[in-house]
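**Student:**
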Amino acid sequence: MRQSLARLEFHTAGRGLTEITREVADWIGTTGIATGLLTLTCLHTSASLLITENASGAVRRDLLAWLDRVAPEGGHYAHDDEGPDDMPAHLKAVLTNPNLSLPVAGGRPMLGTWQGIFLAEHRRAPHRRAIALHLLGE
Amino acid sequence: MRQSLARLEFHTAGRGLTEITREVADWIGTTGIATGLLTLTCLHTSASLLITENASGAVRRDLLAWLDRVAPEGGHYAHDDEGPDDMPAHLKAVLTNPNLSLPVAGGRPMLGTWQGIFLAEHRRAPHRRAIALHLLGE
Amino acid sequence: MRQSLARLEFHTAGRGLTEITREVADWIGTTGIATGLLTLTCLHTSASLLITENASGAVRRDLLAWLDRVAPEGGHYAHDDEGPDDMPAHLKAVLTNPNLSLPVAGGRPMLGTWQGIFLAEHRRAPHRRAIALHLLGE
């Protein structure tokens, strides 16, 4: 049993979902660990990680629109240092969570047929986002 | 230190919560691992896993009604290939998350007195749902 | 590779967020494990764990007010055995999740510059809350 740690960086184009399933699987491949437990954590409070359907672009658009309805911009926040999208971004990150743990089998994260791992950018502007990856197994 | 992987299937009766605490504990028993880390992941994007009170049926009914209010059906979704409950189901799965990690002690998942592990079915129709289980420990 | 398990208790002052990053880091220090995987679980169904910005008190106030809007008190719940804040507390715990997994490096949980680990109390009254901690590594 051994473990491997890494940090991957992604450039986001502003509010939206970036699928990172392939990058995560590629990193697992470099560790030589075939069976184990993968943990990802997004090192930011206005971006997060989530799993959703990766086949339909409409799902991703509906998901973003829904997040806007659940955590809308508005003048009612005390925290708006970085603009009107600042506090809604923190709320969306809490709702979707920065962390993700997945079993790994055959050198791949265990996902259903339609599941993909997404980095969710909740700020309007493009950002550079860091994700820590940890894999424990053999 | 060693690890064990399994896949359990559950039949759901449509929208609702199915407690799976006993099935999960039973599986842990078969591994012979007494102390460790348990990770569960639901291999679907319209069902999920959550922990909530397992004593009161009213809690589960209120929780389902709340999910319907937060992610209502309606004509405003772009993605409705499989009917009006399709996109709300994806949203509820993102809100509640497909993944769950719990320490294991004495051969049992560490849960509070009133906590139970539930498989949440977010589609109207009955489904067969697969959950991957991973246990690492000794 | 070895593992360590503990239980920490915190007194909350009623609805609010208590940062526990330091207590968690201190416990990691006592285990002598420098690199590994940390898992926390809150053993209650009306309190939870979350990661958010720890620099601004306004973020925490906005977050609490938002949780009140998403899961408001009201006469529409079937479950109100312990008062009007009972069911909303269960809903907020499901929305924010009781569990958290983080890689550990250099004897510290891997967090971004502005990230803190918070115990979220969702009941109005002060409570004593137990958190189980599990660390696997070397």
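Line order of the protein sequences matches chains A, B and C.
Heads up: the first sequence runs through residues 255 to 392, numbered per the numbering used here.
Heads up: the second sequence runs through residues 255 to 392, numbered per the numbering used here.
Heads up: the third sequence runs through residues 255 to 392, numbered per the numbering used here.
Heads up, the beta-carbon is just placed ideally off N, CA and C, and yes, glycines get one too.
Which residue marks the beginning of the beta strand (DSSP E) containing R382 of chain B, and which one marks its end?
**Tutor:** Its beta strand (DSSP E) spans residues 381-391.
**Student:** Of the residues that make up the segment 311-345 of chain C, which ones have a beta carbon closer than 7 Å to any beta carbon in chain B?
**Tutor:** Listed by position along the chain: V324, A325, Y331, A332, H333, M341, H344, L345.
**Student:** Pairing CB atoms from the segment 352-360 of chain B with CB atoms from the segment 335-343 of chain B, are three or more of them under 8 Å?
**Tutor:** The segment 352-360 of chain B vs the segment 335-343 of chain B: no contact.
**Student:** Would you say the segment 363-382 of chain B touches the segment 285-302 of chain C, given that touching needs at least three Cβ pairs under 8 Å?
**Tutor:** Touching, per the Cβ criterion.
**Student:** If you count every other CB in all the chains shown that lies within 10 Å of the CB of D280 of chain A, and 16 or more means buried, which is it?
**Tutor:** By the neighbour-count rule (16 or more Cβ atoms within 10 Å), D280 of chain A is not buried but exposed.
**Student:** Counting contacts by CB-CB distance shorter than 8 Å, is V348 of chain B in contact with chain E?
**Tutor:** Among the chains of the structure shown, chain E does not appear; the protein chains present are A, B and C.
**Student:** Run the CB neighbour count on H388 of chain A, radius 10 Å, all protein chains shown included, and call it buried at 16 or more, exposed below.
**Tutor:** Flag for H388 of chain A reads buried.
**Student:** Listing by chain order, which chain C residues have their CB less than 7 Å from the CB of M255 of chain A?
**Tutor:** In chain order: M255.
**Student:** Mind checking which residues open and close the alpha helix (DSSP H) that includes G311 of chain B?
**Tutor:** Here the alpha helix (DSSP H) through G311 of chain B covers 311-324.
**Student:** Within 10 Å of its beta-carbon, does D335 of chain B have 16 or more other beta-carbons around it, so buried, or fewer, so exposed?
**Tutor:** Exposed, since its Cβ has fewer than 16 Cβ neighbours within 10 Å.
**Student:** Chain A partners of N308 of chain B, CB-CB under 7 Å?
**Tutor:** None at all; the shortest Cβ gap to chain A is about 22 Å.
**Student:** Does the beta-carbon of H376 of chain C have 16 or more other beta-carbons within 10 angstroms, so that it is buried, or is it exposed?
**Tutor:** By the neighbour-count rule (16 or more Cβ atoms within 10 Å), H376 of chain C is buried.
**Student:** What's the gap between the Cα of L262 of chain B and the Cα of A386 of chain C?
**Tutor:** Each residue's alpha carbon lies about 26 Å from the other.
**Student:** With a threshold of 8 Å between beta carbons, is S355 of chain A in contact with chain B?
**Tutor:** Chain B contact via Cβ: present.
**Student:** Let me make sure I understand the geometry here. Which of C:T306, C:E273, C:L321, C:I287 has the alpha-carbon closest to that of L373 of chain C?
**Tutor:** With distances taken between Cα atoms, L373 of chain C lies closest to C:E273.
**Student:** Which residues does DSSP pair with L373 of chain C in a beta bridge?
**Tutor:** DSSP lists C:T272, C:L303 as partners of L373 of chain C.
**Student:** Taking Cβ-Cβ distances below 9 Å as the criterion, which residues of the segment 268-290 of chain C are in contact with chain A?
**Tutor:** Residues T289, G290.
**Student:** Note down, in chain order, every chain A residue with its Cβ under 8 Å from the Cβ of N390 of chain C.
**Tutor:** Residue 390 of chain C is actually Leu in this sequence, not Asn. Residues of chain A passing the Cβ test: L390.
**Student:** Locate the alpha helix (DSSP H) running through L356 of chain A, then write down its first and last residues.
**Tutor:** It is not in any alpha helix (DSSP H) - L356 of chain A instead sits in the beta strand (DSSP E) that spans 353-359.
**Student:** Using a C-beta cutoff of 8 Å, does L303 of chain B count as contacting chain C?
**Tutor:** No, L303 of chain B lies away from the interface with chain C (no Cβ there is under 8 Å from its Cβ).
**Student:** Where do the ends of the alpha helix (DSSP H) carrying A260 of chain B lie?
**Tutor:** Element bounds for A260 of chain B: not the alpha helix (DSSP H) but the beta strand (DSSP E), 256-266.
**Student:** How would you write the range of the beta strand (DSSP E) that T293 of chain B sits in, first residue to last?
**Tutor:** First-last of the beta strand (DSSP E) with T293 of chain B: 290-296.
**Student:** Taking DSSP's pairing of strands, which residues face R362 of chain B in a bridge?
**Tutor:** Note: R362 of chain B sits in a beta bridge opposite B:A359.
**Student:** Do the CB positions of G370 of chain C and I305 of chain C come within less than 8 Å of each other?
**Tutor:** Closer than 8 Å, so yes.
**Student:** Suppose contacts are defined by Cβ-Cβ distances below 8 Å. Is T285 of chain C in contact with E307 of chain B by that definition?
**Tutor:** Cβ atoms of T285 of chain C and E307 of chain B: not closer than 8 Å.
**Student:** Distance check for R276 of chain B and G268 of chain A, CA to CA, integer angstroms please.
**Tutor:** For G268 of chain A and R276 of chain B, the distance between alpha carbons rounds to 44 Å.
**Student:** Rounded C-beta distance between T266 of chain C and R378 of chain C? I'm assuming under 8 Å.
**Tutor:** So it is not a contact: roughly 11 Å between Cβ atoms.
**Student:** What's the gap between the Cα of A325 of chain B and the Cα of E392 of chain B?
**Tutor:** Taking the straight line joining both Cα atoms gives about 41 Å.
**Student:** Give the straight-line distance between the Cα atoms of S258 of chain B and R315 of chain C, rounded to the nearest whole angstrom.
**Tutor:** Each residue's alpha carbon lies about 43 Å from the other.
**Student:** Looking at chain C, is there any beta carbon in it that lies within less than 8 Å of the beta carbon of P402 of chain A?
**Tutor:** Here chain A comprises residues numbered 255 to 392, so residue 402 of chain A is not present and cannot be evaluated.
**Student:** In whole angstroms, what is the alpha-carbon distance linking A347 of chain A and A301 of chain A?
**Tutor:** So the alpha carbons of these two residues sit roughly 6 Å apart.
**Student:** Which first and last residues belong to the alpha helix (DSSP H) in which T367 of chain A is found?
**Tutor:** Where T367 of chain A is concerned, there is no enclosing alpha helix (DSSP H), given that its DSSP letter is neither H nor E.
**Student:** Could you tell me if the beta carbon of N351 of chain B falls within a distance shorter than 7 Å of some heavy atom in the ligand ADP?
**Tutor:** The ligand ADP is absent from the structure shown, which contains no ligands of any kind.
**Student:** Using a beta-carbon distance cut-off of less than 9 Å, what residues from the segment 375-386 of chain A approach chain C?
**Tutor:** For the segment 375-386 of chain A, which is checked against every Cβ of chain C, the residues closer than 9 Å are A384, A386.
**Student:** Classify G290 of chain C: buried if its beta carbon has 16 or more other beta carbons within 10 angstroms, exposed otherwise.
**Tutor:** Classification for G290 of chain C: buried.
**Student:** Going along the chain, which residues of its own chain have a beta-carbon closer than 6 Å to the beta-carbon of L390 of chain A, five neighbours each way excluded?
**Tutor:** For L390 of chain A, where only same-chain residues beyond five positions count, the Cβ hits under 6 Å are Q257, G290, L291.
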